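Add 215 to the 1-based position in the sequence shown for our numbering, that's all there is to it.
Where is the CB? At the ideal position from N, CA and C, for every residue including glycine.
Predicted model only: the values in this text are computed from it and were never measured.
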Amino acid sequence: MSSRLPRRIMFLTAFSSVALSIAPASAARMTLSGTVTYRERIALPAAVVEVRLLDASLADAPSTTIASTTIKTDRQVPIPYRLRFDREAIQPGHRYALQATILVDGKMWFTTTTAYPVLADGRDKTDLILERVQAAPATAALPAGSWRVLTIQGQDITGNPQATLKIAGDGAVSGTGGCNRIFGTATVTGDRIAFGQMAMTKMACMPAATMEQEHRFLEALDGVVSWHVGPRGDRMALSDAAGKPLLILGRM
216 MSSRLPRRIM FLTAFSSVAL SIAPASAARM TLSGTVTYRE RIALPAAVVE VRLLDASLAD
276 APSTTIASTT IKTDRQVPIP YRLRFDREAI QPGHRYALQA TILVDGKMWF TTTTAYPVLA
336 DGRDKTDLIL ERVQAAPATA ALPAGSWRVL TIQGQDITGN PQATLKIAGD GAVSGTGGCN
396 RIFGTATVTG DRIAFGQMAM TKMACMPAAT MEQEHRFLEA LDGVVSWHVG PRGDRMALSD
456 AAGKPLLILG RM
């Protein structure tokens, strides 16, 4: 009897060997899927969605990214995702969670603020609900800058000398009441602002109305508790505790 195997049997044997060599690699891949959405009634322009699988086992250390996927989309939410990862990267006893963000023009618009644990209970489908990220106010909408005083306690400022106020980014304050130079500090917390004790030069100016204007200016600063810059960034109101504008200023 010949020891040679038929070609059909040899082919099947070779195919089986290849299949067995591929099977472990295929079995090592796992997939998490679901959708990314948010509750706000905001239309989404062209965006990039990022979903990450994190190892969040250590409470006192940053999470480690196990796998991630990026989706470029121009559709509205919910946006489906599929995240593939290597089974061998998952360690017994570790805690894993999903995190997602939505970016528009490179800026983060939405992100997860709730933990979405996965894998521990065998789930492979998770719908992620993201929260709106509040953008930092533009520089033009901050109280820092150089301002000229337009009104003091509702009374327009006309003619010269003009009262001015400069607020630096570190809270240093300088300016003039129309006669004397003033110096001090301001503390800004959100929309609240508090001016500290102001130092000033000791000149006497004419006419008397100039000195009266300066007195009212300093008195108004002492009562200010909040600030508000208009949408165009060129006007600022400094108001008292009741929300009444004490000073209206124009950006210089």
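Asked: How many Å lie between A435 and G369 at the Cα?; Found: 11 Å
Asked: Within its chain, find whatever has a CB closer than 8 Å to the CB of E303; leave out the 5 residues flanking it on each side and keep chain order.; Found: A243
Asked: Identify every run of the beta strand (DSSP E) within the segment 259–309, keeping only runs that are complete inside it and at least 3 residues long; order them along the chain.; Found: 262–270, 279–288 and 294–301
Asked: Determine the extent of the beta strand (DSSP E) in which L313 is found, giving its start and end residues.; Found: Y311 to V319
Asked: Taking only three categories from DSSP, how would you classify M426?; Found: helix
Asked: Report yes if the C-beta distance between V266 and A315 is below 7 Å; otherwise report no.; Found: yes
Asked: Would you give the residue range spanned by the beta strand (DSSP E) that A452 belongs to?; Found: R450 to S454
Asked: Tell me the start and end of each unbroken beta strand (DSSP E) in the segment 370–407 that is at least 3 residues and wholly inside, in chain order.; Found: 379–382, 387–391 and 396–404
Asked: Let me check understanding here. Comparing Cα to Cα, which of V292, T246 and T252 lies closest to A282?; Found: T246
Asked: Return the CA-CA distance between G405 and M467, expressed in angstroms with no decimal places.; Found: 23 Å
Asked: Touching or not, the segment 391–405 and the segment 420–436, by the rule of three or more beta carbon pairs under 8 Å?; Found: yes
Asked: Count the other C-beta atoms from every protein chain shown that fall within 10 angstroms of the C-beta of R431, then say buried if there are 16 or more, exposed otherwise.; Found: buried
Asked: Give a yes or no on contact between the segment 338–350 and the segment 359–366, applying the rule of three or more CB pairs nearer than 8 Å.; Found: no
Asked: Inspect the beta-carbon positions of G386 and T366 and report whether they are closer than 7 Å.; Found: no
Asked: Near P332, which residues of its chain fall below 6 Å by C-beta distance, leaving aside the five closest residues on each side in sequence?; Found: A312
Asked: Tell me the rounded alpha-carbon separation between L464 and H443.; Found: 10 Å
Asked: Could you tell me if A335 is buried or exposed, where buried requires 16 or more neighbouring beta carbons within 10 angstroms of its beta carbon?; Found: exposed
Asked: So what's E434 in DSSP terms, helix, strand or just coil?; Found: helix
Asked: Do you know offhand how far V388's Cα is from L461's?; Found: 17 Å
Asked: Quick check: what's the CA-CA separation for S278 versus T416?; Found: 56 Å
Asked: Using the C-alpha atoms, what's the distance from I257 back to M323?; Found: 14 Å
Asked: Quick check: H309 and D270, are their CB atoms within less than 7 Å of each other?; Found: yes
Asked: For A260, which residues from the same chain have a beta carbon less than 7 Å from its beta carbon, with the 5 sequence-adjacent residues on both sides left out?; Found: With the sequence shown as reference, residue 260 is identified as Pro, and Ala is not the correct amino acid for it. Closer than 7 Å at Cβ, skipping near neighbours: V319.
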